[in-house]
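Protein chains: 2
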Amino acid sequence: MNTHEELTLARVALTWVAEPGTRSVHRLVDELGAVAALDLLLDGGAPQEQLRDTVAARSRAGDARAVAAEALGRADRLGVRVVIPGDDEWPTTVEHLRTLHLRDVRRRVDRETAPPLCFWVRGQWPLAEALDRSVAVIGARAATPYGTHIATELGYGLADRDWTVVSGGAFGIDAAAHRGALTAGGLTVAVLACGVDRSYPMGNAALFDRIADTGLLVSEWPPGAEPLRPRFLIRNRVIAAGTRGTVLVEAAARSGATQTTRRAIALHRPAMVVPGPVTSAMSVGAHELLREEPKARLVTGLAQVLEEVGRIGELAPVPRGPDRPTDLLDDEAGSIVEAMPRRGRVGVDALAARAGLPVRTVLRKLSMLEELALVVRRDDGYALVVPKNRP
Amino acid sequence: MNTHEELTLARVALTWVAEPGTRSVHRLVDELGAVAALDLLLDGGAPQEQLRDTVAARSRAGDARAVAAEALGRADRLGVRVVIPGDDEWPTTVEHLRTLHLRDVRRRVDRETAPPLCFWVRGQWPLAEALDRSVAVIGARAATPYGTHIATELGYGLADRDWTVVSGGAFGIDAAAHRGALTAGGLTVAVLACGVDRSYPMGNAALFDRIADTGLLVSEWPPGAEPLRPRFLIRNRVIAAGTRGTVLVEAAARSGATQTTRRAIALHRPAMVVPGPVTSAMSVGAHELLREEPKARLVTGLAQVLEEVGRIGELAPVPRGPDRPTDLLDDEAGSIVEAMPRRGRVGVDALAARAGLPVRTVLRKLSMLEELALVVRRDDGYALVVPKNRP
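Same order as they appear, the protein sequences are chains A and B.
Everything in the first sequence is counted per full-length UniProt numbering, starting at 1 for the first residue and increasing by one.
Everything in the second sequence is counted per full-length UniProt numbering, starting at 1 for the first residue and increasing by one.
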């Protein structure tokens, strides 16, 4: 049995010897486990010639295990954590990528869509929890004022209804969606195609800092990794798989954002598209999808987006006890409610100190308490919900 | 056997005793013929009580046959003709309304969608021929500059490709579509909800005169008839049935134009919808249709409209003889070709005089000659196609 550290190191090293999503690597990990799979590959034992060549080429550039160890050390110093399958905060939804089969596959990136081997995460929220109730809002970098307006409104509206807004951190639609969510005081996750310590694009540096403060920056590549062009397309499968649905706001013809939407369709996730003026080049991709993909759903605003993602059966009704909802709570959650001030707000750190629990646990339980409508999240902390105002 | 005059008078009278589209009246005409059906109804013999009441109420207002005779006399003085089934220029496509069945029928106008009993026509083109290769371009009166632009472009483009542009003569999208067709020197047909001698709306009076000069004004109601509110909705079924397809450009929620599109869908005609900004109230109806009607097809411009209407099997390939296309011509068409000047253009009247044929015959044959690419229509008349330029 390998230790968690060994598994993590092996998965990080595997991500380095072949780009994330490589199906042959993922299959080996499934069969042998990450540590044995890495050993086999580094010994030149890959069953496919192409993969053997790739590994050999990477090995000439450095020692995979040493590179991984260095990356982990660097991440630790930066406050970046690695998450791997089996961890509490691993988002199991991305495992659906096993079943992703795209039509008309011509490019490598459309074939190599295996689940991620690991995530690098910057920010306080547990990743799985942040993505649990999430919607992707994606689109063109060269967005028009129309698209920016729509993306901001959707980002705001989704966050305001306690949905996590997921996007790719790019200029244009992505940034507008993140900003809308931040303005609503909500949770937003940027899934990046480079290290979570890198501000790419530079112009969004302040935005990334704000996201890291209250939401999450997530990547399959280690700190320092460069935003190579193919990585944006590799990354897109995570946005499609990690969310409950994808909204495309504006896109040029055959753009990366339309590709994410096609992945969402192939994954049987609601794939929503906002139309625009037919005179706008930035809506050509949106209209193309609506014409070509019968599953693509035209949406004109927040209500219709909520209708689509709300349809999913997993959305359990909020449990509410007949008399005292606190009866439903486990010990930890109970301690947190006890530690909450009767009036006013409290920060997470102060609350953790008062309840005698780790910050991460407090964050997780607070999320559940919010679902139960026992606490409410404010800009500057959490407050108890006064029973008479409870829904 | 009734004479053509008797049949015409009976059909006109029937349109007066009950509004066009009334299914019970149409069924009686099918069973008994128009003359006997009229006799039965005026004798109080309608099988349905509601229809008996309607006829009785109308009969108190006047004598149906006298009213019809007066309308026919007035039409004659105004140069307006009546067309009835069996006439050469009767557009048989409207007979498809027999099979029209709408879902969720609550309103009278959605139930009473029988084929027209007669058409009043102003303009030179034979009605059936004008509608043969036609596309409806419809939409909101309160169109935005965006919608007006799109409708004008579509009207122009369709006319430029020798499609007749059909619309309802209203402000906004309708007028823009008609104007676009006129600008291209093409054929446009306004299907009105009042007499073809009335300019409603007044602001479109000059437009109606231009349409009557080169295209057609058509109505189910006699000259002088008022544009009563329900008549616009009754009229819409003719726009849907008389064309090869319908393009909705802009529409408010649940508007008359969306209703026409739903009729086109129910008639299995291509029903096309141009999307717009989701921020525009004038695109709400368009987006509603695209969301609710799986058969509604999003189109972004002329090419996609042509693709939809061009799919129809009826679109026979242009017949072309191996050596001399004139071999295919009948005597009348042959005389017309002989009468054409070798160079330059000739007006229809001058051509009719030279060929010794009635103007209407010349117009009909010219249309065929155009299809055969033997003559070409210009703003100021017709010209022979020089063989080497022939497609």
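Ideal Cβ positions, reconstructed from N, Cα and C, are used throughout, including at glycine.
**Asked** If you pair each beta-carbon of the stretch 298-308 of chain A with each one of the stretch 151-158 of chain A, do three or more pairs fall below 8 Å?
**Response** yes
Quick check: is the beta carbon of Val137 of chain B nearer than 8 Å to any beta carbon in chain A?
As a first step, residue 137 of chain B is located in the second sequence; it is residue number 137 there, counting from the start. It does not; no Cβ of chain A falls within 8 Å.
Worksheet item: Expressed to the nearest angstrom, what Euclidean distance is found between the alpha-carbon atoms of Tyr146 of chain B and Thr300 of chain B?
Response: One-based indexing of the second sequence puts residue 146 of chain B at position 146. One-based indexing of the second sequence puts residue 300 of chain B at position 300. In a straight line, the C-alpha of Tyr146 of chain B is about 13 Å away from that of Thr300 of chain B.
Exposed or buried, what is Asp132 of chain B when buried is set at 16 or more other beta-carbons lying within 10 Å of its beta-carbon? On the second sequence, position 132 is the one that residue 132 of chain B refers to. Buried is the call here.
**OP:** Return helix, strand or coil for Arg320 of chain B, following the three-state DSSP convention.
**Re:** As a first step, residue 320 of chain B must be located in the second sequence, where it is residue number 320. At Arg320 of chain B, the pLDDT of 36 sits below 50, so the modelled position is not reliable; the number obtained from the coordinates is stated separately. Coil.
Return no unless some Cβ of chain A is closer than 8 Å to the Cβ of Tyr146 of chain B.
-> Here the question's residue 146 of chain B lines up with position 146 in the second sequence. Judged by the 8 Å Cβ criterion, Tyr146 of chain B is in contact with chain A.
Requested in this report: Using DSSP bridges, identify the partner residues of Met368 of chain B.
Outcome: Within the second sequence, numbered from 1, the residue matching residue 368 of chain B stands at position 368. Answer is none; Met368 of chain B lacks a bridge partner.
Quick check: Val346 of chain A and Leu374 of chain A, are their CB atoms within less than 8 Å of each other? Taking the first residue of the first sequence as 1, we reach residue 346 of chain A at position 346. Taking the first residue of the first sequence as 1, we reach residue 374 of chain A at position 374. Taking 8 Å as the Cβ cut-off, Val346 of chain A and Leu374 of chain A do not qualify as a contacting pair.
key: Burial state of Met202 of chain B, where buried means 16 or more other Cβ atoms lie within 10 Å   = Position 202 of the second sequence, counted from the start, is the residue given in the question as residue 202 of chain B. Burial call: exposed.
Q | Cβ pair count under 8 Å reaching 3, the stretch 193-212 of chain A against the stretch 50-60 of chain A | A | Contact fails: fewer than three Cβ-Cβ distances are below 8 Å.
Practice item. Return the bridge partner residues of Met272 of chain B from the DSSP annotation. Key: Mapped onto the second sequence, residue 272 of chain B falls at position 272. DSSP lists B:Val247 and B:Arg297 as partners of Met272 of chain B.
Looking at chain B, which residues of the stretch 299-312 of chain A have a Cβ within less than 9 Å of any of its Cβ atoms? Answer in chain order: Val299, Thr300, Gly301 and Gln304.
Looking only at C-alpha atoms, which of B:Leu42, B:Gln124, B:Glu31 and B:Val82 sits nearest to Leu366 of chain B?
By one-based count along the second sequence, residue 366 of chain B stands at place 366. For the options B:Leu42, B:Gln124, B:Glu31 and B:Val82, the alpha carbon positioned closest to that of Leu366 of chain B is the one of B:Gln124.
My output table needs one value for Thr164 of chain A: the three-state DSSP class, helix, strand or coil. Walking along the first sequence from the start, residue 164 of chain A turns up at place 164. DSSP places Thr164 of chain A in strand when its eight states are reduced to three.
Q: Excluding the 5 residues preceding and the 5 following Ala383 of chain B in the sequence, name in chain order all residues of the same chain whose CB lies nearer than 6 Å to its CB.
A: As a working mapping, residue 383 of chain B is identified with position 383 in the second sequence. Same-chain partners within the cutoff: Arg345 and Val376.
Cβ closer than 7 Å: which chain A residues qualify as neighbours of Val278 of chain B? The residue given as residue 278 of chain B occupies position 278 in the second sequence. Ordered by position in chain A, the residues that pass the 7 Å Cβ test against Val278 of chain B are Ile150, Val274, Pro275, Thr300 and Gly301.
Chain B residues whose Cβ lies nearer than 9 Å to that of Arg291 of chain A: Walking along the first sequence from the start, residue 291 of chain A turns up at place 291. Residues of chain B with a Cβ closer than 9 Å to the Cβ of Arg291 of chain A are, in chain order, Arg297, Leu298, Val299, Thr300 and Gln304.
Residues in its own chain within less than 6 Å of Ala352 of chain B by CB, not counting five upstream and five downstream? Residue numbering aside, residue 352 of chain B sits at position 352 when the second sequence is read from its first letter. Only Val359 and Val362 meet the Cβ criterion.
task = Tell me whether the beta-carbon of Arg210 of chain A lies closer than 8 Å to the beta-carbon of Cys118 of chain A.
result = Taking the first sequence and counting its residues from 1, the one referred to as residue 210 of chain A is at position 210. Taking the first sequence and counting its residues from 1, the one referred to as residue 118 of chain A is at position 118. In this structure, Arg210 of chain A lies away from Cys118 of chain A, with their beta-carbon atoms at least 8 Å apart.
Note to self: Going by DSSP, what residue range makes up the alpha helix (DSSP H) through Phe171 of chain A?
What the structure shows: To locate residue 171 of chain A, count along the first sequence from 1; it is residue 171. Annotation: Phe171 of chain A is outside any alpha helix (DSSP H) and is labelled neither H nor E by DSSP.
Proximal chain B residues relative to Thr287 of chain A, where beta-carbon distance stays under 7 Å
By 1-based counting over the first sequence, the position of residue 287 of chain A is 287. According to the sequence provided, residue 287 of chain A is His. The question's Thr does not apply to it. Those within 7 Å of His287 of chain A in chain B are Pro275, Leu298 and Thr300.
Beta-carbon within less than 7 Å of Asp323 of chain B's beta-carbon, same chain only, minus the 5 sequence neighbours each way: which residues are those? Numbered from its first residue, the second sequence carries residue 323 of chain B at position 323. Any answer about Asp323 of chain B is weak, because its pLDDT of 42 lies below 50 and its placement is not dependable; what the coordinates show is given next. Excluding sequence neighbours, Asp323 of chain B sits near nothing in its chain.
(request) Tell me whether the beta-carbon of Glu129 of chain A lies closer than 8 Å to the beta-carbon of Thr22 of chain A. (result) Here residue 129 of chain A corresponds to residue number 129 of the first sequence, with the count starting at 1. Here residue 22 of chain A corresponds to residue number 22 of the first sequence, with the count starting at 1. Cβ atoms of Glu129 of chain A and Thr22 of chain A: not closer than 8 Å.
query = Do Gly245 of chain A and Arg269 of chain A have their C-beta atoms within less than 8 Å of each other?
reply = Start at 1 with the first residue of the first sequence, and residue 245 of chain A comes out as number 245. Start at 1 with the first residue of the first sequence, and residue 269 of chain A comes out as number 269. The answer is yes: Cβ separation under 8 Å.
Check: What first and last residue would you give for the beta strand (DSSP E) that runs through Val278 of chain A?
Finding: In the first sequence, residue 278 of chain A corresponds to position 278, counting from 1. Unbroken run through Val278 of chain A: none, as it is neither H nor E.
Reduced DSSP secondary structure (H/G/I, E/B, other) of Ser255 of chain B: The sequence position of residue 255 of chain B within the second sequence is 255, counting from 1. Note: Ser255 of chain B maps to coil in three-state DSSP.
- Query: So does the stretch 246-256 of chain B actually touch the stretch 82-91 of chain B, counting three or more Cβ pairs closer than 8 Å?
  - Reply: Between the stretch 246-256 of chain B and the stretch 82-91 of chain B there are fewer than three C-beta pairs closer than 8 Å, too few to call the two in contact.
Is it the case that the Cβ atoms of Val67 of chain B and Trp120 of chain B are separated by a distance below 8 Å?
-> Within the second sequence, numbered from 1, the residue matching residue 67 of chain B stands at position 67. Within the second sequence, numbered from 1, the residue matching residue 120 of chain B stands at position 120. Cβ distance not < 8 Å, so Val67 of chain B and Trp120 of chain B don't count as in contact.
Quiz item: Where Ser24 of chain B and Pro115 of chain B are concerned, what is the direct C-alpha to C-alpha distance, given to the nearest angstrom?
Solution: Counting from 1 along the second sequence, the entry for residue 24 of chain B is found at position 24. Counting from 1 along the second sequence, the entry for residue 115 of chain B is found at position 115. Approximately 11 Å between the Cα atoms of the pair.
### Message
Assuming the contact rule is C-beta atoms closer than 8 Å, Arg237 of chain B and Leu97 of chain B should be a hit. Round their C-beta distance to whole Å, please.
### Response
Position 237 of the second sequence, counted from the first residue, corresponds to residue 237 of chain B. Position 97 of the second sequence, counted from the first residue, corresponds to residue 97 of chain B. With a Cβ gap of about 6 Å, Arg237 of chain B and Leu97 of chain B count as contacting.
(request) Count the other CB atoms, across all protein chains shown, that sit within 10 Å of the CB of residue 402 of chain B; report buried if there are 16 or more and exposed otherwise. (result) This structure cannot settle anything about residue 402 of chain B, because the visible part of chain B is limited to 1 through 391.
key: Outcome for Ala61 of chain A when other beta-carbon atoms lying within 10 angstroms are tallied against a minimum of 16   = Along the first sequence, one-based indexing puts residue 61 of chain A at 61. Answer is exposed; the Cβ neighbour count stays below 16.
- Message: Counting C-beta neighbours from all protein chains within 10 Å, is the total for Gly50 of chain A 16 or more, i.e. buried, or is it exposed?
- Response: As a first step, residue 50 of chain A is located in the first sequence; it is residue number 50 there, counting from the start. What sits at residue 50 of chain A in the sequence shown is Gln, not Gly. Flag for Gln50 of chain A reads exposed.
- Query: Assuming Ala143 of chain B contacts Ala184 of chain B under a Cβ cut-off of 8 Å, what Cβ separation, rounded to an integer in Å, is found between them?
  - Reply: If you number the second sequence from 1, residue 143 of chain B lands on position 143. If you number the second sequence from 1, residue 184 of chain B lands on position 184. Contact flag wrong, Cβ pair sits at about 19 Å.
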